[in-house]
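Engineer: Every number in my numbering is 13 more than the matching position in the sequence shown, counting from 1.
Glycine included, every Cβ here is placed at the ideal spot set by N, Cα and C.
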Amino acid sequence: AIMKNVRVRLDGENQAMKELKKLDERVRKKVLKKVARKVLKPVVKVYQRQITDGDEVFRVYRNGKIYAEIIPGQLRRSIGIKFPKRQNKTGFYASVGPRKSGTYRNPEKGGWYAAFMTFGWLGFRDGTKYKGQNYGFAEKAQKISERMTRMPFGTEFARLTKIEIAKLKTGQKIGLR
């Protein structure tokens, strides 16, 4: 019985240590997300400028039935900053592009069809593929934003991160956080 008590206590201690580590990780990711949102805003604008809105509602058919009706401006509105759960060395990843998951799973919303437009995967009834004004929009936006943000991104990211960490430290000293 004594062994069990000791073992439970150690398990509880290990769990508490894991929770503390998670809390620290959450604070770090919160800071990184806040900074990424500020720094990536101009990139969102670049993406949106590469998209030409359609003139009318575009109907998507599946199995001979209307699957979705794409409203003009829908793709442009779907562009945003995303935080995929993809893992890298830092455990943090941010990207810009069409939002298509979560509330955007509804085919009447979001940019779920963006790849069909930018890569020309969209097929028409006559057998042709899409080569319209939004063909290659993502690649164009990436090239422009890469040139535009390469240097400013790094310096701005470092500057804003220092500011956010200083705010956290100040809050802790005062006892707010």
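Taking the runs of the alpha helix (DSSP H) that are 4 residues or longer, which of them lie wholly in the segment 30-97?
Structural biologist: 87-91
Engineer: What is the residue span of the beta strand (DSSP E) that residue 149 lies within?
Structural biologist: The residue you call residue 149 lines up with position 136 of the sequence shown. Taken as a continuous stretch (DSSP letters only), residue 149 belongs to no beta strand (DSSP E), as it is neither H nor E.
Engineer: Tell me the DSSP secondary structure of residue 175 in three-state form.
Structural biologist: The sequence position of residue 175 within the sequence shown is 162, counting from 1. If DSSP states are grouped into helix, strand and coil, residue 175 belongs with the helices.
Engineer: Looking at C-beta atoms only, is the number of pairs between the segment 119-139 and the segment 88-98 that lie closer than 8 angstroms three or more?
Structural biologist: yes
Engineer: Does DSSP put residue 181 in a helix, a strand or coil?
Structural biologist: As a working mapping, residue 181 is identified with position 168 in the sequence shown. Three-state result, residue 181: helix.
Engineer: By the DSSP assignment, the alpha helix (DSSP H) with residue 129 in it spans what residues?
Structural biologist: Taking the first residue of the sequence shown as 1, we reach residue 129 at position 116. 127-131 is the span of the alpha helix (DSSP H), which, as asked, contains residue 129.
Engineer: What is the DSSP secondary structure of residue 144, reduced to helix, strand or coil?
Structural biologist: Within the sequence shown, numbered from 1, the residue matching residue 144 stands at position 131. Reduced to three states, the DSSP call for residue 144 is coil.
Engineer: Taking a contact to mean a Cβ-Cβ separation below 8 angstroms, would you say residue 47 touches residue 177 in this structure?
Structural biologist: Taking the sequence shown and counting its residues from 1, one reaches residue 47 at position 34. Taking the sequence shown and counting its residues from 1, one reaches residue 177 at position 164. Contact flag set, yes.
Engineer: Assess, as a yes-or-no matter, whether the segment 133-144 is touched by the segment 78-89 under the definition of 3 or more beta carbon pairs within less than 8 angstroms.
Structural biologist: no
Engineer: Please go through the same chain and pick out, in chain order, the residues whose beta-carbon is closer than 7 angstroms to the beta-carbon of residue 144, but skip the five residues on each side of it.
Structural biologist: Working through the sequence shown from its first residue, we reach residue 144 at position 131. 133.
Engineer: Am I right that residue 129 and residue 42 are in contact with their C-beta atoms under 8 angstroms? What's the rounded C-beta distance?
Structural biologist: For this step, residue 129 is matched to residue 116 along the sequence shown. For this step, residue 42 is matched to residue 29 along the sequence shown. At roughly 32 angstroms, the Cβ-Cβ gap does not stay under 8 angstroms, so residue 129 and residue 42 are not in contact.
Engineer: Candidates 175, 150, 109, 120: which alpha carbon is nearest residue 71's?
Structural biologist: In the sequence shown, counting from the first residue as 1, residue 71 sits at position 58. Nearest C-alpha to residue 71: 120.
Engineer: How close, in whole Å, do the beta carbons of residue 154 and residue 59 come, if the pair is a contact with beta carbons under 8 angstroms?
Structural biologist: In the sequence shown, the residue the question calls residue 154 occupies position 141. In the sequence shown, the residue the question calls residue 59 occupies position 46. 5 angstroms between Cβ atoms; contact.
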